[in-house]
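Protein chains in written order, with this note's numbering: chain D, 346 to 475; chain L, 346 to 475. All C-beta atoms in this analysis are idealised placements derived from N, C-alpha and C, irrespective of residue type, glycine included. Because the structure is a prediction, the values reported are computed rather than measured. Report on one structure; see the data block that follows.
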DNA sequence: ACTATGATGCGAACGACTCTCAGGAAGGCG
DNA sequence: CGCCTTCCTGAGAGTCGTTCGCATCATAGT
């Protein structure tokens, strides 16, 4: 057996289905506690990490260095355009940017190149709201 | 007066001139101590932060969430291609990728878009070395 | 030189995250 | 259905990078 089906993992996946923004393990833990769950913080950290490893959730690091998680619609590789104000997230395909990255890397003799590409801006709604 | 010229800041800039790879505040502190400096860790953190704010050094976050700093040749905006093995760093211009980012953001109604674009790979030397 | 004010260095504090370990519960087996 | 192995859980302690508080120091304008 590889990954055991537990109440806690189910609770986390349920919660992530209800949330559209990237959330930290701490936020998820607090939200679950508020919902009446007795889940522990360490468990949230462990679950969210293993979910990220298997690709069931996406993770990235905020500018402050905190890891945040989100259940994305796209299961395949993609990137994000996040609103710095409300957290609204758009999943984007970065084919062009990745092609460019590959070229640049090859031009300098680099192999096995990983890329980090994330976009943060202010969405139309938040701009209108001031 | 805005930024005072101190022995410690000078030591840090001198050190950064001698180093080509991105280094953490802790590493810089240890290197300075080894060189005989009596500089404090907090001072290194403070100096390196303000230098990053004024653009005198570049900073980025490692996958582990640690902040690392480097004095780059290019003073203008640029990105990095870093060797995951030896830390060798190439400064790259990401005009294409940035244009793409601007388009994608505009297409989704986002404004004031910041981008994070970093490339990590294995350089030719390290690949040859196995 | 004199002084105002930013900078320093130390240790304590902080926050995100991980580890330890005893108890609990999946899930395969008979 | 009950048993047993093994993995998972929860609480608290610990780790690690970073920041804060504060007394002292030193830079740079007068």
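Nearest Cα to residue 454 (chain L) within the set D:448, D:459, D:449, D:466: D:466. According to the DSSP assignment, residue 432 (chain L) belongs to no beta strand (DSSP E), since it is labelled neither H nor E.
Contacts between residue 359 (chain D) and chain L, judged by CB atoms closer than 8 Å, are missing: the closest CB pair is about 28 Å apart. In the structure shown, the three-state DSSP call for residue 384 (chain L) is coil.
Taking all protein chains in view, the Cβ of residue 354 (chain D) is crowded by 16 or more other Cβ atoms within 10 Å, so the residue is classified as buried. In this structure, residue 450 (chain D) sits away from residue 405 (chain L), with a CB-CB distance that is not shorter than 8 Å.
Looking only at L:462, L:458, L:470, the smallest Cα-Cα distance to residue 468 (chain D) is reached by L:458. Distance check between residue 394 (chain D) and each of D:408, D:422, D:364, D:369 places D:369 closest, using alpha-carbon atoms only. Per DSSP, the continuous alpha helix (DSSP H) segment holding residue 374 (chain L) begins and ends at 370-379.
Around the beta carbon of residue 348 (chain D), a 10 Å sphere encloses fewer than 16 other beta carbons of the protein chains shown; the residue is thus reported as exposed. Residues of the stretch 460-473 of chain D whose Cβ lies closer than 7 Å to any Cβ of chain L, in chain order: 460, 461, 462, 463, 464, 465, 466, 467, 468, 469, 472. DSSP places residue 363 (chain L) in the uninterrupted alpha helix (DSSP H) bounded by 352-363.
Here the C-alpha atom of residue 389 (chain L) lies approximately 37 Å from the C-alpha atom of residue 445 (chain L).
Counting only unbroken stretches of 4 or more residues, the alpha helix (DSSP H) elements lying wholly within the stretch 407-468 of chain D are 440-452, in sequence order. Along the stretch 439-450 of chain L, the positions whose C-beta sits under 7 Å from a C-beta of chain D are 441, 442, 445, 446, 449, 450, read in chain order. Taking 8 Å as the cut-off, the Cβ atoms of residue 434 (chain L) and residue 415 (chain L) count as close.
Neighbours of residue 456 (chain D) in chain L, taken as residues at a C-beta separation under 7 Å, are given in chain order as 466, 467, 472.
Closest option to residue 361 (chain D), judged by alpha-carbon separation, among D:425, D:442, D:441, D:418: D:418. Closer than 8 Å to the CB of residue 475 (chain D) there is not a single CB belonging to chain L. Selection L:474, L:384, L:409 evaluated against residue 430 (chain L) yields L:474 as nearest (Cα-Cα). Beta-bridge partners assigned by DSSP to residue 396 (chain D): none are found. If you check each beta-carbon in the stretch 390-406 of chain L against every beta-carbon of chain D, the ones closer than 7 Å belong to 406. The C-beta of residue 417 (chain L) comes no closer than 8 Å to any C-beta of chain D. Around the beta-carbon of residue 408 (chain D), fewer than 16 other beta-carbon atoms lie within 10 Å, marking it exposed.
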